[in-house]
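Down below is the structure, laid out as structure tokens.
Numbering (the working numbering), first residue to last: 15 to 198.
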């Protein structure tokens with residue numbers, strides 16, 4: 015598996031991955047989530063153009079998962095991470111998150127954040143295993159930016175099911191980034 019920035023022609027594939035990754039929500043009585051349309055192509059393009067849309071690709075260089083990221087109040091915020099069900103349970107989502115962690119550390123950010131469903135097994139419990147902790151309403155790490163994301167998600171109908179903001183501190187040495195230049 016390799017992680018790289020998404021290519022323009024792959025954006026419809028990201029939408030397909032999102033739709034497929036949403037299907038398991040039906041089994042939890044969350045059909046509205048399964049039927050929610052993925053981000054439009056122009057929004058995906060803005061993430062891609064700014065280097066904030068990464069894909070994990072298979073041996074044929076076809077995306078099987080993707081991650082979108084923003085910077086929110088000094089933390090790398092995971093806007094979306096989706097793995098196609100045929101590639102699930104292979105550590106691909108974890109690899110994308112670790113890729114983001116290394117990138118964020120290299121940019122001097124001190125944490126990763128996300129919002130997710132509290133009771134969906136492949137959401138908050140999964141992220142807890144990856145080192146994220148839930149943020150209580152009184153937690154000072156529940157920043158104004160995260161609260162704004164919560165309000166926007168509630169307006170979109172996501173608060174019908176329990177949601178949680180989560181944070182993972184980034185510690186350790188800043189990784190050395192090696193630049194590879196093409197031969198003259």
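Just so you know, even glycine gets a beta-carbon here, dropped at the ideal spot from N, CA and C.
- Under the three-state reduction of DSSP output, residue 112 falls in the helix class.
- Under the DSSP assignment, residue 96 falls in the beta strand (DSSP E) whose first and last residues are 89–97.
- Straight through space, the alpha carbons of residue 119 and residue 171 are spaced by roughly 33 Å.
- By the C-beta density criterion, residue 157 is buried, having at least 16 other C-beta atoms within 10 angstroms.
- Linking residue 124 to residue 149 through their CA atoms gives a straight-line distance of about 16 Å.
- For residue 55, no beta strand (DSSP E) segment is defined; the enclosing uninterrupted segment is the alpha helix (DSSP H) at 55–63.
- Taking a C-beta distance under 9 Å as the contact criterion, residue 90 and residue 121 qualify as a contact pair.
- DSSP places residue 79 inside the beta strand (DSSP E), whose first and last residues are 77–86.
- Under the DSSP assignment, residue 25 falls in the alpha helix (DSSP H) whose first and last residues are 25–36.
- Counting of Cβ neighbours within 10 angstroms places residue 130 among the buried residues, the total reaching 16 or more.
- Judged by DSSP in its simplified three-state form, residue 124 adopts coil rather than helix or strand.
- Judged by their CB atoms, residue 82 and residue 55 are not nearer to each other than the 9 Å cut-off.
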